[in-house]
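Just so we're aligned, residue 1250 is where the sequence shown starts under our numbering, counting upward by one.
Virtual Cβ for every residue (Gly too), placed ideally from N, Cα, C.
Because the structure is a prediction, the values reported are computed rather than measured.
Below is one structure; the comments refer to it alone.
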Amino acid sequence: MQRTLTWGLLMIFLASGVAKLAGLGFEQAAFARWGYPLWFMYAVGAAETLGALGLLSRLRRWAAGGLLLLMLGALQTHLRFGEWGMLLLALILAAGLLIRIRR
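Here's what the structure looks like:
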């Protein structure tokens, strides 16, 4: 179960991070809608990508903690903009990261 959770989180955060680093249109549109500068999208993408890969290392608890901090920011953004579906997804990911940190 723990391995499945780790790999699931890794794939989700890796895909999300790479999409931001690639500057995909939907990511650029979202960051513009939220009023965040474009450089911030790339910073978040780099953090998500490194955090995802970190889940496979001895530093996995630190990586999960860093990703959890990103999810707290995502929760605040989605709540502020009334994006309920994305808010739910961020909550689920945050819960998964908390489980990963504790084990």
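Buried or exposed by the 16-neighbour rule on C-beta atoms within 10 Å, applied to residue i
{"i": "residue 1260", "result": "exposed"}
{"i": "residue 1326", "result": "buried"}
Option nearest residue i by Cα separation, candidates the options
{"i": "residue 1337", "options": "1348, 1312 and 1320", "result": "1320"}
{"i": "residue 1272", "options": "1295, 1328 and 1251", "result": "1295"}
{"i": "residue 1288", "options": "1269, 1274 and 1309", "result": "1269"}
{"i": "residue 1293", "options": "1324, 1251 and 1265", "result": "1265"}
Cβ-based neighbour list, residue i, same chain, cut-off 8 Å, excluding 5 preceding and 5 following
{"i": "residue 1258", "result": "1301, 1304, 1313, 1316, 1342, 1345, 1346 and 1349"}
{"i": "residue 1282", "result": "1330"}
{"i": "residue 1255", "result": "1304, 1305, 1309 and 1349"}
Residue i versus residue j: straight-line alpha-carbon distance, rounded
{"i": "residue 1284", "j": "residue 1329", "result": "12 Å"}
{"i": "residue 1278", "j": "residue 1286", "result": "11 Å"}
{"i": "residue 1299", "j": "residue 1334", "result": "25 Å"}
Contacts around residue i, its chain only, beta-carbon distance under 7 Å, and the 5 residues preceding and following it disregarded
{"i": "residue 1280", "result": "1287, 1289 and 1290"}
{"i": "residue 1262", "result": "1297, 1300, 1301 and 1316"}
Any non-hydrogen atom of the ligand NAD closer than 7 Å to residue i Cβ
{"i": "residue 1256", "result": "The ligand NAD is absent from the structure shown, which contains no ligands of any kind."}
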